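Visitor: Following this message is one structure expressed as structure tokens.
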Amino acid sequence: MDRQMEIRNKAAFATRPCAVLMDIDNTMYAYDTAHAAASEAAMRKTIKMLGIKQAEYEPAFAEARREVKTILKETASAHSRLLYFARMLERLGMKSQPLMVLDLEQTYWRNFLSASTLFPQVKDFLEDLRAAGIPVAAVTDLTAQIQFRKLIYFGLDHYFDHIVTSEEAGVEKPAAKPFQMALERLSLIPGQLVWFVGDDAKKDIAGAKAALGAITLQKRHDGVEVSGEADAVFDHFRELREVLRGSV
Ligand SMILES: [Mg+2]
6 MDRQMEIRNK
16 AAFATRPCAV
26 LMDIDNTMYA
36 YDTAHAAASE
46 AAMRKTIKML
56 GIKQAEYEPA
66 FAEARREVKT
76 ILKETASAHS
86 RLLYFARMLE
96 RLGMKSQPLM
106 VLDLEQTYWR
116 NFLSASTLFP
126 QVKDFLEDLR
136 AAGIPVAAVT
146 DLTAQIQFRK
156 LIYFGLDHYF
166 DHIVTSEEAG
176 VEKPAAKPFQ
186 MALERLSLIP
196 GQLVWFVGDD
206 AKKDIAGAKA
216 ALGAITLQKR
226 HDGVEVSGEA
236 DAVFDHFREL
246 REVLRGSV
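The numbering of the sequence shown is our numbering, which starts it at 6 and goes up by one.
This is the structure in structure tokens:
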């Protein structure tokens, strides 16, 4: 089924934006498939290394993850695979195993990246912005190291004027801080027209509206909960490129 892009606020797109801010995960590529492949690979490796069963791995990992998240809450480290694996091995009765933990983390991210594919025309959209002289910033949750690595893997690292992660902001979206930091780095002031492109109704759409009064564009695909307050909802980056062409 081919859905139509929904433009709910036509007037918002009649004016050229001063900058475009973008989320990375599940906006530029589908997160779920990459995460599933990576989780499976890390699990297989652990099971093999320790000679345990999947039925032992799964609850130990789930509990370790919950424990880390409970302590670290809405921060970048709350997503740390390194911490999840470290705690998991402890829960399985082992002492600290730095080498094994680093190996599992690398296994996770290596498999994650090789199972990730950029959505069609993401790069073309970024090219369009560059050609139009519109600055671009990424505003993303998670630690800087892996987010930088993703952009390099996708060949997108040169398209962003600035990258703000929740690691350096100290807090995750939808908190205002990461959005404000991006605005400051772009030398813009509140009230200047910016677009925010993201997938998450609460973190990206509600967050960017509340923090910046941004014009929000939501990337829709399977598993995305559509926001009632997005100014536009799109399925394909080619539609976003058309909207941009109409505004510049
Ligand atoms: Mg996202």
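In this text, a Cβ means the ideal position worked out from N, Cα and C, and glycines have one as well. Here the structure is a predicted model, which means the values were calculated and not measured.
What residue range does the beta strand (DSSP E) around G212 cover?
Guide: Within the sequence shown, residue 212 is the residue found at index 207, counting from 1. Note, G212: premise wrong, no beta strand (DSSP E); alpha helix (DSSP H) at 212-217.
Visitor: Do L217 and F184 have their C-beta atoms within less than 7 Å of each other?
Guide: Your numbering for residue 217 matches position 212 in the sequence shown. Your numbering for residue 184 matches position 179 in the sequence shown. Contact flag set, yes.
Visitor: In the DSSP assignment, find the unbroken beta strand (DSSP E) run with Q59 in it and report its ends.
Guide: Working through the sequence shown from its first residue, we reach residue 59 at position 54. Looking at the DSSP string, Q59 is not in any beta strand (DSSP E); the run it does join, the alpha helix (DSSP H), is 59-77.
Visitor: Return yes when at least one heavy atom of ligand 1 lies under 6 Å from the C-beta of D37, else no.
Guide: Stepping through the sequence shown from its first residue, residue 37 is reached at position 32. Flag unset: Cβ of D37 not near ligand 1.
Visitor: Could you check the C-alpha separation between L87 and I29 for me, to the nearest Å?
Guide: Residue mapping note: residue 87 aligns to position 82 of the sequence shown, counting from 1. Residue mapping note: residue 29 aligns to position 24 of the sequence shown, counting from 1. Distance between the alpha carbons of L87 and I29 is about 21 Å.
Visitor: Contact defined as beta carbons within less than 8 Å: I believe V141 pairs with F165. What is the distance between those atoms, to the nearest angstrom?
Guide: By one-based count along the sequence shown, residue 141 stands at place 136. By one-based count along the sequence shown, residue 165 stands at place 160. That pair is a contact at about 5 Å.
Visitor: State the CB to CB distance for the pair K224 and V202, rounded to an integer number of angstroms; the pair is presumed to be in contact (CB under 8 Å).
Guide: Here residue 224 refers to the residue found at position 219 when the sequence shown is read from its first residue. Here residue 202 refers to the residue found at position 197 when the sequence shown is read from its first residue. With a Cβ gap of about 7 Å, K224 and V202 count as contacting.
Visitor: Apart from the five residues on each side of it in sequence, which residues of its chain come closer than 6 Å, Cβ to Cβ, to E172?
Guide: To locate residue 172, count along the sequence shown from 1; it is residue 167. Excluding residues within five positions, the ones whose Cβ falls inside 6 Å are A81, T148, A149.
Visitor: Is N5 a contact residue of ligand 1, with contact defined as CB to any heavy atom under 6 Å?
Guide: Any question about residue 5 goes unanswered here, given that the chain covers just 6 to 253.
Visitor: On the DSSP bridge assignment, give the partners of H167 in chain order.
Guide: Along the sequence shown, read from residue 1 onward, the residue named residue 167 stands at position 162. Looking at the DSSP assignment, H167 forms a beta bridge with A142.
Visitor: Nearer than 6 Å: is that true of the beta carbon of D227 relative to any heavy atom of ligand 1?
Guide: By 1-based counting over the sequence shown, the position of residue 227 is 222. Checking the Cβ of D227 against ligand 1 gives no.
Visitor: Looking at the secondary structure, which residues open and close the beta strand (DSSP E) in which T51 lies?
Guide: Taking the sequence shown and counting its residues from 1, the one referred to as residue 51 is at position 46. It is not in any beta strand (DSSP E) - T51 instead sits in the alpha helix (DSSP H) that spans 36-55.
Visitor: Suppose contacts are defined by Cβ-Cβ distances below 7 Å. Is K178 in contact with K208 by that definition?
Guide: As a first step, residue 178 must be located in the sequence shown, where it is residue number 173. As a first step, residue 208 must be located in the sequence shown, where it is residue number 203. Yes. Within cutoff.
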